[in-house]
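FYI, in numbering that gives the first Met the number 0 the residues of the sequence shown are 0 to 155. C-beta: ideal position from N, C-alpha, C; glycine also.
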Amino acid sequence: MTDASPRSALLTFRQRSPAATLEVTIQSMNEETTMTNYFLSLPHDSAEEPTMEGMDPAELAEVIAAVEAFNTALHEAGAFVSAGGLQPPSTAITVDYSGDGPVLTPGPSIEAKEYLGGFWIIEAENDDVAIEWAKQVSRALRSRVEVRAFQEEPAS
Numbered sequence: 000m001t002d003a004s005p006r007s008a009l010l011t012f013r014q015r016s017p018a019a020t021l022e023v024t025i026q027s028m029n030e031e032t033t034m035t036n037y038f039l040s041l042p043h044d045s046a047e048e049p050t051m052e053g054m055d056p057a058e059l060a061e062v063i064a065a066v067e068a069f070n071t072a073l074h075e076a077g078a079f080v081s082a083g084g085l086q087p088p089s090t091a092i093t094v095d096y097s098g099d100g101p102v103l104t105p106g107p108s109i110e111a112k113e114y115l116g117g118f119w120i121i122e123a124e125n126d127d128v129a130i131e132w133a134k135q136v137s138r139a140l141r142s143r144v145e146v147r148a149f150q151e152e153p154a155s
């Protein structure tokens with residue numbers, strides 16, 4: 000995707016929490032730049048299957064504030080594409096239509112010690128910029144974040 004829209008010269012993301020104060024500055028681009036979509040994913044422990052309903056209300060309020068601040072910073076930088084939190088794997092229905100007819104199976108398609116709990120899809124100029132965003136949300140949420148670029152169609 001090509002982005003030629005003018006952007007502010009500088010964006011600063013600030014998140015205050017009892018654990019730390021984050022202040023990270025990201026330089027925006029003012030010239031035409033090819034942007035790549037990146038998938039930032041939050042792993043969760045399969046044994047625990049945490050949900051917002053099961054969290055301490057004070058901890059939940061802190062997490063929601065951190066996510067809102069991060070999403071606002073992404074929007075202001077023009078980097079936000081999509082985001083969401085997922086229900087635990089035990090709520091999944093696996094659909095397999097690789098044979099003669101569809102087979103629906105309650106539960107996840109694979110057993111794993113961790114699962115995808117939430118994600119962001121962002122646009123970034125390169126891996127370094129995507130990693131800076133991931134550092135921000137990792138620190139704000141006190142969680143690991145995996146960064147992966149989307150595959151792009153090969154040049155003809």
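Quick one: what's got a C-beta closer than 7 Å to residue i's C-beta in the same chain, skipping five residues either side?
| i | result |
| --- | --- |
| Val80 | Asn36, Ile120, Ile121, Glu122 |
| Ala91 | Gly106, Pro107 |
Quick check: what's the CA-CA separation for residue i versus residue j?
| i | j | result |
| --- | --- | --- |
| Glu61 | Thr71 | 15 Å |
| Thr104 | Met54 | 29 Å |
| Ala57 | Ser89 | 26 Å |
| Val102 | Ala64 | 41 Å |
| Trp158 | Val94 | The structure shown does not extend to residue 158, since the chain is modelled only from 0 to 155, so the question has no answer here. |
| Ser155 | Thr33 | 17 Å |
| Glu152 | Asp126 | 18 Å |
| Thr50 | Ile109 | 20 Å |
| His43 | Gln86 | 11 Å |
Cβ of residue i versus every heavy atom of the ligand SAM: is any distance shorter than 7 Å?
| i | result |
| --- | --- |
| Ser89 | Here there are no bound small molecules, and the ligand SAM is not part of this structure. |
What residue range is occupied by the uninterrupted beta strand (DSSP E) comprising residue i?
| i | result |
| --- | --- |
| Ile120 | 113-123 |
Can you name, in chain order, every residue of its own chain whose Cβ lies under 8 Å from the Cβ of residue i, other than the five neighbours on each side?
| i | result |
| --- | --- |
| Ser137 | Arg143, Val144 |
| Ala129 | Thr35, Tyr37, Leu39, Ile121, Ala123, Val146, Ala148 |
Tell me which residues share the same chain as residue i and place their Cβ nearer than 6 Å to its Cβ, disregarding the 5 neighbours each side in the sequence.
| i | result |
| --- | --- |
| Glu148 | Here residue 148 turns out to be Ala, not Glu, going by the sequence shown. Once the five neighbours on either side are set aside, the close Cβ partners of Ala148 are Thr35, Tyr37. |
| Ala82 | Trp119 |
| Gln26 | Its pLDDT being 47, under 50, Gln26 is placed unreliably by the model, and nothing is read from it. |
Who pairs with residue i in a beta bridge, going by DSSP?
| i | result |
| --- | --- |
| Ile92 | Pro105 |
| Glu145 | Ser40 |
Along the chain, where does the alpha helix (DSSP H) that runs through residue i open and close?
| i | result |
| --- | --- |
| Asp126 | 126-140 |
Completely contained alpha helix (DSSP H) runs for the region 24-84, where each covers 4 or more residues:
As far as the region 24-84 is concerned, its whole alpha helix (DSSP H) runs of at least 4 residues are 56-76.
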